[in-house]
Amino acid sequence: MSISAAHIGGGDRGEPSPEPSRKPGFIGYLLLLPGGMWLAIFFLVPTLALVGTSLYDPSGSILTGYQMTGYWQNYVDAVRDYAQPFGRSIVYASLATIACIALGYPLAYAIAFKSGRWKNFMLVLVIAPFFTSFLVRTLSWQLLLGDNGFVVDVLQTLQILGPEGRLLATPFAVVTGLTYNFLPFMVLPLYASLEKIDHRLIEAGGDLYAAPFTAFRRVTLPLSMPGLVAGTLLTFIPAAGDYINAELLGTPTTRMIGNEIQDLFTAGSYPVAASLSVTLMVAIVVMVFLYVRRAGTEDLV
Amino acid sequence: MTGVKRAGRWVGQHMILFVALVVITYMLAPVFVVILMSFNDPASRQSYQFDGFTWDNWLNPCGPYQLCSSVATSLRIGLLATLVATVLGTLMAFGMVRHRFRGRAAANVFIFLPMASPEIVLGSSLLALFVSAGFAGVLGFWTIFVAHVMFCLSFVVVTVKARLSGLDPRLEQAAMDLYANQWQTFWRVTFPLVFPGILSAALLSFSLSFDDFIITNLNSGQTVTFPMFVWGAAQRSIPPQINVVGTVMFVVALTLVLLGELGRRRQRI
Amino acid sequence: MPGSDLVLKSVTKRFGSFTAVDDLDLTVPQGSFFALLGPSGCGKTTTLRMVAGLEEPTAGTIHLGDQDISHVKAYKRPVNTVFQSYALFPHLSVFENVAFGPSRKGAKGVKALVDETLELVELGEYAGRKPAQLSGGQQQRVALARALINRPQVLLLDEPLGALDLKLRKQMQIELKRIQSEVGITFVHVTHDQEEAMTMADTIAVMNGGVIEQMGEPAELYEHPATTYVSNFLGQSNLIAGQVKGVDGETLLLEVNGEKLTAPAARARSDEGEVWVGVRPEKVFLTVTGAGATTAGAGADPGDRAGSNLLPGGVVSDVSFVGVSTQYLVRMPWGQELQVFEQNTGTRDSLRAGDRVDLHWMPAHTFLLDASQDASAGVVLGDDR
Numbered sequence: 098m099s100i101s102a103a104h105i106g107g108g109d110r111g112e113p114s115p116e117p118s119r120k121p122g123f124i125g126y127l128l129l130l131p132g133g134m135w136l137a138i139f140f141l142v143p144t145l146a147l148v149g150t151s152l153y154d155p156s157g158s159i160l161t162g163y164q165m166t167g168y169w170q171n172y173v174d175a176v177r178d179y180a181q182p183f184g185r186s187i188v189y190a191s192l193a194t195i196a197c198i199a200l201g202y203p204l205a206y207a208i209a210f211k212s213g214r215w216k217n218f219m220l221v222l223v224i225a226p227f228f229t230s231f232l233v234r235t236l237s238w239q240l241l242l243g244d245n246g247f248v249v250d251v252l253q254t255l256q257i258l259g260p261e262g263r264l265l266a267t268p269f270a271v272v273t274g275l276t277y278n279f280l281p282f283m284v285l286p287l288y289a290s291l292e293k294i295d296h297r298l299i300e301a302g303g304d305l306y307a308a309p310f311t312a313f314r315r316v317t318l319p320l321s322m323p324g325l326v327a328g329t330l331l332t333f334i335p336a337a338g339d340y341i342n343a344e345l346l347g348t349p350t351t352r353m354i355g356n357e358i359q360d361l362f363t364a365g366s367y368p369v370a371a372s373l374s375v376t377l378m379v380a381i382v383v384m385v386f387l388y389v390r391r392a393g394t395e396d397l398v
Numbered sequence: 007m008t009g010v011k012r013a014g015r016w017v018g019q020h021m022i023l024f025v026a027l028v029v030i031t032y033m034l035a036p037v038f039v040v041i042l043m044s045f046n047d048p049a050s051r052q053s054y055q056f057d058g059f060t061w062d063n064w065l066n067p068c069g070p071y072q073l074c075s076s077v078a079t080s081l082r083i084g085l086l087a088t089l090v091a092t093v094l095g096t097l098m099a100f101g102m103v104r105h106r107f108r109g110r111a112a113a114n115v116f117i118f119l120p121m122a123s124p125e126i127v128l129g130s131s132l133l134a135l136f137v138s139a140g141f142a143g144v145l146g147f148w149t150i151f152v153a154h155v156m157f158c159l160s161f162v163v164v165t166v167k168a169r170l171s172g173l174d175p176r177l178e179q180a181a182m183d184l185y186a187n188q189w190q191t192f193w194r195v196t197f198p199l200v201f202p203g204i205l206s207a208a209l210l211s212f213s214l215s216f217d218d219f220i221i222t223n224l225n226s227g228q229t230v231t232f233p234m235f236v237w238g239a240a241q242r243s244i245p246p247q248i249n250v251v252g253t254v255m256f257v258v259a260l261t262l263v264l265l266g267e268l269g270r271r272r273q274r275i
Numbered sequence: 006m007p008g009s010d011l012v013l014k015s016v017t018k019r020f021g022s023f024t025a026v027d028d029l030d031l032t033v034p035q036g037s038f039f040a041l042l043g044p045s046g047c048g049k050t051t052t053l054r055m056v057a058g059l060e061e062p063t064a065g066t067i068h069l070g071d072q073d074i075s076h077v078k079a080y081k082r083p084v085n086t087v088f089q090s091y092a093l094f095p096h097l098s099v100f101e102n103v104a105f106g107p108s109r110k111g112a113k114g115v116k117a118l119v120d121e122t123l124e125l126v127e128l129g130e131y132a133g134r135k136p137a138q139l140s141g142g143q144q145q146r147v148a149l150a151r152a153l154i155n156r157p158q159v160l161l162l163d164e165p166l167g168a169l170d171l172k173l174r175k176q177m178q179i180e181l182k183r184i185q186s187e188v189g190i191t192f193v194h195v196t197h198d199q200e201e202a203m204t205m206a207d208t209i210a211v212m213n214g215g216v217i218e219q220m221g222e223p224a225e226l227y228e229h230p231a232t233t234y235v236s237n238f239l240g241q242s243n244l245i246a247g248q249v250k251g252v253d254g255e256t257l258l259l260e261v262n263g264e265k266l267t268a269p270a271a272r273a274r275s276d277e278g279e280v281w282v283g284v285r286p287e288k289v290f291l292t293v294t295g296a297g298a299t300t301a302g303a304g305a306d307p308g309d310r311a312g313s314n315l316l317p318g319g320v321v322s323d324v325s326f327v328g329v330s331t332q333y334l335v336r337m338p339w340g341q342e343l344q345v346f347e348q349n350t351g352t353r354d355s356l357r358a359g360d361r362v363d364l365h366w367m368p369a370h371t372f373l374l375d376a377s378q379d380a381s382a383g384v385v386l387g388d389d390r
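Okay, structure coming up:
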């Protein structure tokens with residue numbers, strides 16, 4: 098029996114709650130190997146290959162083969178020639194993201210806090226459109242926004258749209274399509290974040306004299322940031338590279354960078370297309386980095 | 007409190023719900039259009055609007071050339087890619103959550119990257135790889151399959167990881183305390199509890215694969231998947247049977263989800 | 006398996022630079038109800054987990070009889086645990102939860118065994134339910150059944166009653182004690198509730214900061230605390246600074262702030278120089294100053310008033326009526342506030358704040374502790390009791 102008089106501290110030293118100790122050893126590596134290899138070969142290598150392709154001699158084609166010449170000029174040419182679609186893509190994607198936030202946040206908030214028994218049902222309704230083929234849905238927008246369609250009629254009656262006005266084949270249609278397609282990607286992460294918020298924190302805000310809107314601004318909004326950041330990224334990034342909406346709902350004047358890249362690849366102008374792709378990728382990475390820095394959430398996955 | 011104030015308060019409290027319902031309507035509107043248009047009897051090949059009601063499309067869904075074969079191709083690729091992506095992704099998720107190794111943060115970023123890249127970049131870089139490896143002539147089913155597994159992996163890992171991290175480790179300790187060795191603990195406790203996550207990862211994977219266009223289009227060669235068929239149709243003329251397929255997909259998926267919900271409700275009672 | 010004592014020798018557990026359990030020696034006799042008592046963070050749960058096999062000791066050995074189980078895997082030890090959070094398998098029914106252990110060992114007649122054990126914990130009709138459908142108390146009993154059914158050599162309970170409300174807790178304390186004597190298995194019960202430990206256990210070990218301060222029967226620990234920690238943690242104590250002035254046979258002569266007191270040498274852990282003079286509040290009597298020998302305190306007048314320890318000159322500073330007793334705080338001339346608990350026998354009106362009183366108690370109830378120890382060690386605040 099050991100009675101030690103010297104060990105009387107009297108305090109509570111928090112016993113570290115034993116976290117599941119991660120198993121050491123190489124089994125971890127083994128588990129990651131198959132999937133990791135797949136990603137390495139079919140994602141990492143291609144990305145590097147893309148950079149390589151962007152340096153090919155632009156005068157090559159599928160018939161004549163490609164020459165690797167370290168031709169950095171490709172980038173300069175690409176950015177110069179395609180600056181407009183580039184800018185347009187960023188603008189449309191930004192508009193769509195903002196629209197998604199404006200529409201998606203109230204929806205996510207309502208499902209998380211105000212839906213009661215209908216919560217699961219509403220979630221299903223959010224995911225449901227996902228089940229129909231996304232191209233088929235976009236075609237439906239063609240119909241909805243068509244010149245003879247219901248929506249245009251109503252807007253013309255209400256004098257919001259002039260008698261010659263149209264919705265289809267306008268930037269508005271493209272942004273609407275983008276917003277529509279990526280809305281679930283905004284709503285779901287936001288909902289997940291909002292749902293985790295302890296309701297008592299908001300009540301505490303109210304108890305400390307915050308008006309409902311202030312409580313929202315100072316308690317709910319900051320706590321939902323991880324969801325907001327994730328949602329923004331999952332919306333903006335794919336939207337910037339999309340071309341389907343621009344193709345189906347727009348005109349040649351609304352072409353996005355995705356359209357250009359696609360056409361260039363189909364035509365076989367790989368070097369130019371590749372340099373555009375890489376530029377797009379870099380631009381997005383930079384913007385994401387700055388955005389995440391500013392928003393302050395590092396842990397996205 | 008005056009009547010006006012009370013009404014104002016009611017509106018304020020329910021405003022959010024109201025906006026939410028408007029947004030949901032907005033999200034479902036095209037779906038209704040799809041369902042409606044599946045009964046369409048098109049007046050001409052060029053126009054895309056509702057001309058007349060007919061059952062013909064439902065009775066003869068495979069009328070248009072390549073429609074049904076493209077659906078079949080999409081289904082085959084979807085099932086195969088889902089299987090492979092789910093297995094590989096689940097292994098990775100377990101590795102990342104349960105095991106210690108250096109560079110975990112880097113691995114996290116690496117897995118997140120494909121989710122964060124625009125499809126055009128993913129697709130075009132993969133095409134560049136195939137071309138420079140000399141596979142330009144054999145683009146088709148297998149290249150599409152490879153691409154789909156690639157972009158589904160990240161989603162599977164993230165989904166399963168989320169479920170796995172939420173698993174109370176004390177349950178596994180309890181199992182070991184009750185004479186279950188590591189293998190038995192895994193199959194009788196860990197796996198059944200992680201399974202819902204694996205299942206939703208698989209479903210997510212399947213819908214991403216079935217619905218994919220941009221990446222598929224670049225790497226498909228001569229093979230035609232359903233989204234590619236729709237795209238082609240959009241350039242030419244849109245057979246109403248497309249909407250039949252769309253409606254069927256919607257109904258099937260909705261039914262599966264509802265059955266899942268019912269199953270879960272029944273278990274709780 | 007009769008005759009297997011649980012013996013821990015020099016067991017140490019370190020998490021990085023933090024030592025949770027420090028060179029612990031412990032013997033739990035077979036078939037006894039043993040309580041490991043201490044505040045959160047004292048290392049008792051870690052010790053339990055090492056016995057269960059869920060943690061590996063950094064040093065030292067654990068023996069069950071003559072079998073060294075220090076590094077045997079959890080699923081190979083004849084030891085089962087009732088977890089604080091119950092850890093019931095949510096995807097299995099009550100029946101399947103309880104049957105889990107026997108099924109893993111490939112036992113025959115599992116159904117009969119499960120039914121019998123569920124009867125023991127009075128949950129026979131709930132066999133088909135899922136844990137989520139049960140109340141806290143019922144879940145606790147399932148966790149108990151799930152562990153008991155395996156007839157382990159040692160049953161470990163990690164604060165199993167913590168989540169229950171007071172009435173249910175008291176009920177379960179009696180239940181557990183009954184089951185333990187019926188089944189005859191060694192129970193090792195970890196708790197921070199000293200009342201619970203004293204009610205249920207045959208032997209208590211008081212733990213603090215990774216070591217055992219004192220171990221013994223509840224009455225022994227209570228009446229003969231070895232350290233200030235134990236004296237404050239189990240019940241409450243008055244500790245007054247004093248000096249040993251001399252020895253008279255088996256009695257020690259003390260001086261406390263000018264007053265002369267005595268204490269039996271047998272009850273002194275420290276017998277020279279500066280000491281803590283300790284006495285339990287319920288052993289102290291109050292008499293109104295100046296009332297003389299006739300109006301003695303409530304209850305029994307200690308026979309030999311001349312031989313009792315006396316501390317005069319106190320002023321009542323606080324009165325708390327607790328139903329069964331009245332608790333007084335008395336401020337002494339040197340500034341210290343002493344506690345006095347007086348049973349409400351009704352023979353006298355309670356005193357009021359401001360009354361001048363003298364304190365006295367039987368010398369045999371005095372205990373002396375090492376003055377170098379912290380007099381506030383182990384004091385439990387609020388309703389942690």
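Protein chains in written order, with the working numbering: chain A, 98 to 398; chain B, 7 to 275; chain C, 6 to 390.
Glycine is no exception: its CB is placed at the ideal position from the N, C-alpha and C atoms.
Bear in mind the structure is a predicted one, so any value in this text is a computation, not a measurement.
Run down chain A in chain order and give the residues with a C-beta less than 8 Å from the C-beta of residue i.
i	result
P67 of chain B	Those within 8 Å of P67 of chain B in chain A number zero; the least Cβ separation is about 14 Å.
L94 of chain B	P131, G132 and W135
Got a sec: is the Cβ-Cβ distance from residue i to anything in chain B below 8 Å?
i	result
A79 of chain C	yes
R151 of chain C	yes
H96 of chain C	yes
T144 of chain A	yes
K211 of chain A	yes
In chain A, which residues lie with their C-beta within 7 Å of the C-beta of residue i?
i	result
N249 of chain B	V233
G252 of chain B	T229, S230 and V233
Please classify residue i as buried or exposed, where buried requires at least 16 other C-beta atoms within 10 Å of its C-beta.
i	result
K49 of chain C	buried
G111 of chain A	Summary for G111 of chain A: the model assigns pLDDT 30, below 50, so the residue's position carries little reliability, and this model does not support an answer.
P246 of chain B	buried
K135 of chain C	buried
R108 of chain B	exposed
R82 of chain B	exposed
Measure from the C-beta of residue i to each C-beta in chain A and report whether the shortest distance is under 8 Å.
i	result
A134 of chain B	yes
I22 of chain B	yes
I275 of chain B	With a pLDDT of only 46 at I275 of chain B, under the threshold of 50, the placement of this residue in the model should not be trusted; the figure read from the coordinates follows. Cβ-Cβ to chain A under 8 Å: no for I275 of chain B.
In the DSSP assignment, what are the bridge partners of residue i?
i	result
V193 of chain C	C:F39 and C:L161
T24 of chain C	C:R19
L46 of chain B	Reading the sequence as shown, one finds Asn at residue 46 of chain B and not Leu. Its beta-bridge partners are B:F59.
Y71 of chain B	Its beta-bridge partners do not exist; DSSP assigns none.
Is there a Cβ from chain C that is less than 8 Å from the Cβ of residue i?
i	result
D183 of chain B	yes
L177 of chain B	yes
V195 of chain B	yes
L199 of chain B	yes
Is the shortest distance between the beta-carbon of residue i and the beta-carbons of chain D less than 8 Å?
i	result
V166 of chain B	Looking for chain D here will not work: the only protein chains present are A, B and C.
### Query
Is the region 317-328 of chain A close to the region 357-375 of chain A, with three or more CB pairs under 8 Å?
no
### Query
Do three or more CB pairs link the region 85-96 of chain C to the region 118-133 of chain C at distances below 8 Å?
no
### Query
Taking contact to mean at least 3 C-beta pairs separated by less than 8 Å, is the region 113-122 of chain B in contact with the region 244-260 of chain B?
no
#### Entry: Stretch pair the region 32-47 of chain B + the region 224-233 of chain A: three plus CB contacts closer than 8 Å
yes
### Query
If we count Cβ pairs, one from each stretch, closer than 8 Å, do we get three or more for the region 252-261 of chain B versus the region 148-161 of chain B?
no
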